[in-house]
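Visitor:
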Amino acid sequence: MSTNTLSEEAEKRLIHFFNDTIDPEEMSKAIRKLNYVITLGILRQDPTLQNELINLENSFFWLNELAEVLNPYLNLE
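Shown next as C-alpha cells:
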C-alpha cells in the first residue's frame, strides 16, 4: 500500500470538494454504481476490457475503499 502524502493545497482542495461541492453520501453511491457498471462490462467479457483486467481489479478495490471512507456502508452492523 502506498503512503504518499498530499500537499497542503491538495488537501485543502479535497476538503473543499467533499465539504462544499458534493455530498459524500451521493459521491459514494455514484462510485458504487460506476463499479457495478464496469463490473458488468467485465462479466460480459468485453474484449476491450480484457487488456486492463489487473488494473481494473485494483481500481475496483480502491474505489470501494473511497466509497467506504465517504459513507461507511459495508461496515454497518
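If you want the numbering used here, it's the position in the sequence shown, counting the first as 1, plus 1168. Ideal Cβ placement from N, Cα and C applies to all residues, glycine included.
Terminal residues of the continuous alpha helix (DSSP H) containing Glu1220?
Guide: Glu1220 -> no alpha helix (DSSP H), and no H or E assigned at all.
Visitor: Let me make sure I understand the geometry here. Which of Lys1180, Asp1188 and Phe1228 has the alpha-carbon closest to that of Asn1203?
Guide: The shortest C-alpha separation from Asn1203 is found at Phe1228.
Visitor: Give a yes or no on whether the C-beta atoms belonging to Ala1235 and Ile1199 are separated by under 8 angstroms.
Guide: Yes, the Cβ-Cβ distance between Ala1235 and Ile1199 is below 8 angstroms.
Visitor: From what residue to what residue does the alpha helix (DSSP H) around Ile1183 run?
Guide: Ile1183 -> alpha helix (DSSP H) spans Glu1176 to His1184.
Visitor: According to DSSP, is Ile1190 helix, strand or coil?
Guide: Here Ile1190 sits in coil by DSSP.
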